[in-house]
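First the structure, in the form of structure tokens, and then the observations on it.
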Amino acid sequence: MTVITMHLTLPMHINLKHLCIKEHKCDLCDFQTNGKSVLKTHANSEHLGTKNHKCNHCDNAAYNKNDVIIHLNSAHLNIKRFKCNYCDYQGSKKFLLTKHIKSVHLLMKD
Numbered sequence: 001m002t003v004i005t006m007h008l009t010l011p012m013h014i015n016l017k018h019l020c021i022k023e024h025k026c027d028l029c030d031f032q033t034n035g036k037s038v039l040k041t042h043a044n045s046e047h048l049g050t051k052n053h054k055c056n057h058c059d060n061a062a063y064n065k066n067d068v069i070i071h072l073n074s075a076h077l078n079i080k081r082f083k084c085n086y087c088d089y090q091g092s093k094k095f096l097l098t099k100h101i102k103s104v105h106l107l108m109k110d
């Protein structure tokens, strides 16, 4: 890395990582981020409803690739990553495990 490159990137690094200055702002809501690509993904998913990532096994589509992977693991591969410490329940998403624990073991209904 040259001195000039370092001179240009160090202030950007400090702003983004240490001062938490988010230079990319959504024009339609209060969302802010450090990454231009993150802002584009946000706009597509939150404001345009574009689901570009599709499952190869069914008609499911999602806003981001990670959601398709989660869908694939739970719906087609039956992978349940989140296991209950109190019984044999297993869920594909953390919020489902939390909901299970609250409703079954803590007797809290939504």
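In full-length UniProt numbering, the protein residues as written are 1 to 110. Using N, Cα and C, we set each Cβ at its ideal position, and we do this for glycine too. Since the model is a prediction, treat every value here as computed from it, not as a measurement.
- In terms of Cα proximity to H53, the closest of H24, H42, G35, K65 is K65.
- With at least 16 other beta carbons inside 10 angstroms of its own, L39 counts as buried.
- Nearest Cα to N44 within the set I70, C55, I14, D27: D27.
- Taken atom to atom, the span from the alpha-carbon of Y63 to that of L48 is near 10 Å.
- Note that the C-beta distance between L97 and F82 is below 8 Å.
- As DSSP reads the structure, A62 sits in a beta bridge with H53.
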